[in-house]
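Each remark here refers to the structure printed beneath this line.
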Amino acid sequence: MDDKTKQEIRAILKEAKRVVFLGGAGVSTASGIPDFRSPQGLYNIKSKYGVPYEVMLSHDYLYENTKTFYDFYWSTMVYPNAKPNKAHIALANYEKDHNLVIVTQNIDGLHQLAGSKKVLEAHGSTYRYYCTRCGKKFSLDELQHEGVPHCPDCGGLIRPDVTMYGEPLDEDTILTAVQVVSMADVLIIGGTSMNVYPVAALPDYMKSGTKIIINLEPTAYDRHCDYVIHEDLGTALEELFA
Ligand code: CNA
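Anchor point for the sequence shown: position 113 equals 134 in the numbering used here, and the numbering is continuous, going up by one each time.
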C-alpha cells in the first residue's frame, strides 16, 4: 500500500463513527484454514469423494448422503485447533476503542476467539449444532468429531448450525447486518471473493461513506470501492489501524 493511500484511509478511520468489517474465508487463510476460491482453495482441489465440494456443501447432499457429508465435514470444514491470526487480532484490538461491527461469512469462530464482541455470523458456525428432530442444541465440544452424530434424547440427526447451499440465511442475522451496513460511514471488505449472495449484496445497502476492499485477488466488487488494496489482509489492517 502506498503512503498516500495509507494516510488517507487512516484519516478517514480517525473521523469514522461507525465502521463495519465484512469478511470472508481470506481472513482465516493465515490461520491454516483454506478458502474456497483461491488458486489453492478447496474448489480448485480435486474432490476425493468424486463429487465437487461445492455440491457436498449443499442442503440436499447433507440429508441424502449424510455419512459422506460428515466424513468430509469433520476432516475438511472443522478446525478446532486453529488460532486467530493478525487480521483477527487487529480487528479485535480496533473494536476496543472504536465502534466496529464484524459481519463474517466465516464459520470458524476465530473472531470471537481473538476477542471481538460484535460479530454477526451470516453463515452460522461450526461451533454450534442442533437436533433436526427435537431442536436440542449442542456445542462442538459435546460431539465426537467423527461419524454421524445423533441426539442422545430422541435419536434424531444432529446437524451443524451452518448455512448450506440451497438454504436461507438466518433472518435476524441478515436483517441486523443490513441495518449496520446501511448506517456505517466506513465499510472495510476483506478476504472475500464477493461471490456468495446474499452477503455479497450487503455493501449496496450502505447509504454514504467510504468503501475499502482488501483482498489478495481482484474481485467483481472492486469497481464499486473507493480504495482497492490487493494485499495480505492482516498486514494491511495492521498498517491502517496503527
Ligand atoms: P472465497 O470465495 O474462497 O474467497 C476468499 C478470498 O480471500 C479470495 O478472493 C482470496 O484472494 C482472498 N484471500 C485469501 N487469503 C487472503 C489473505 N491472506 N489476505 C487477503 N485476501 C485473501 O471465500 P468467501 O468468504 O468469499 O466465500 C464465502 C464462503 C466461504 C462462505 O460461505 C464461508 O462459509 C466459506 N468458507 C469459510 C471458511 C472459514 O470459516 N474460515 C473457510 C472456507 C470457506
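Note that beta-carbon positions come from the ideal geometry of N, C-alpha and C, so glycine has one too.
According to DSSP, is Lys35 helix, strand or coil?
Three-state result, Lys35: helix.
With hydrogens ignored, establish whether the beta-carbon of Ile233 is closer than 7 Å to any heavy atom of ligand 1.
Outside the cutoff, so no.
Looking at the structure shown, is Ile195 part of a helix, part of a strand, or coil, going by DSSP?
Three-state result, Ile195: helix.
Do Ala32 and Leu258 have their C-beta atoms within less than 8 Å of each other?
Cβ distance not < 8 Å, so Ala32 and Leu258 don't count as in contact.
What do you reckon, are the CB atoms on Arg149 and Cys175 nearer than 8 Å?
Not in contact: Arg149 and Cys175 (Cβ atoms no closer than 8 Å).
Assuming Val122 and Leu141 make a contact with CB atoms under 8 Å, what is their CB distance in whole Å?
With 8 Å as the limit, Val122 and Leu141 qualify as a contact, their Cβ atoms being about 7 Å apart.
Rounded to whole angstroms, what is the Cα-Cα separation between Leu190 and Thr147?
Roughly 15 Å between the two C-alpha positions.
Between Leu131, Asn216 and Cys246, which has its C-alpha nearest Gly53's C-alpha?
When only C-alpha atoms are compared, the closest one is Leu131.
If contact is defined by three or more beta carbon pairs under 8 Å, each pair taking one atom from either stretch, is the region 68–75 in contact with the region 162–180?
Flag = no, the region 162–180 and the region 68–75 do not touch.
Using the Cα positions of Thr89 and Pro55, report the straight-line distance between them to the nearest angstrom.
When rounded, the distance between both Cα atoms is 20 Å.
Which whole-angstrom value is the C-beta distance of Thr194 and Ala143, which I expect to be below 8 Å?
Right, their Cβ atoms sit about 6 Å apart.
If you run the structure through DSSP and keep just helix, strand and coil, what is Phe42?
It is a strand residue.
Let's test the definition: count the other Cβ atoms within 10 Å of the Cβ of Ala198 and tell me whether it reaches 16, buried, or not, exposed.
Classification of Ala198: buried, given that the 10 Å Cβ count is 16 or more.
Using a threshold of 7 Å, is the CB atom of Glu260 nearer than that to any non-hydrogen atom of ligand 1?
For ligand 1, not one heavy atom lies less than 7 Å from the Cβ of Glu260.
Near Glu252, which residues of its chain fall below 8 Å by C-beta distance, leaving aside the five closest residues on each side in sequence?
Met22, Ile235 and Leu237, listed in sequence order.
Taking Val124 as the reference, give the member of Leu43, His80, Arg39 and Asp247 with the closest Cα.
The candidate whose alpha carbon is nearest that of Val124 is Leu43.
Can you check DSSP and say which residues form a bridge with Arg180?
DSSP lists Tyr151 as partners of Arg180.
Can you give me the C-alpha to C-alpha distance between Val99 and Ala263, rounded to a whole angstrom?
Approximately 32 Å between the Cα atoms of the pair.
Pick out the complete beta strand (DSSP E) segments inside the region 209–254, 3 residues or longer, and give them in chain order.
Entirely contained in the region 209–254, the beta strand (DSSP E) runs reaching 3 residues are, in chain order, 231–235 and 248–250.
With H, G and I counted as helix, E and B as strand and the rest as coil, what does DSSP make of Tyr3?
This structure cannot speak to residue 3, because the chain is shown only from 22 to 263.
How many Å lie between Lys117 and Tyr82 at the Cα?
Approximately 41 Å, taken between the alpha carbons.
Considering only C-alpha positions, which residue in the set Tyr218, Met204 and Ser68 is nearest to Arg39?
Comparing Cα-Cα distances from Arg39 to each of Tyr218, Met204 and Ser68, the minimum goes to Met204.
According to the neighbour-count rule (16 or more other Cβ atoms, all chains shown, within 10 Å of its Cβ), is Pro219 buried or exposed?
Per the 10 Å Cβ criterion, exposed.
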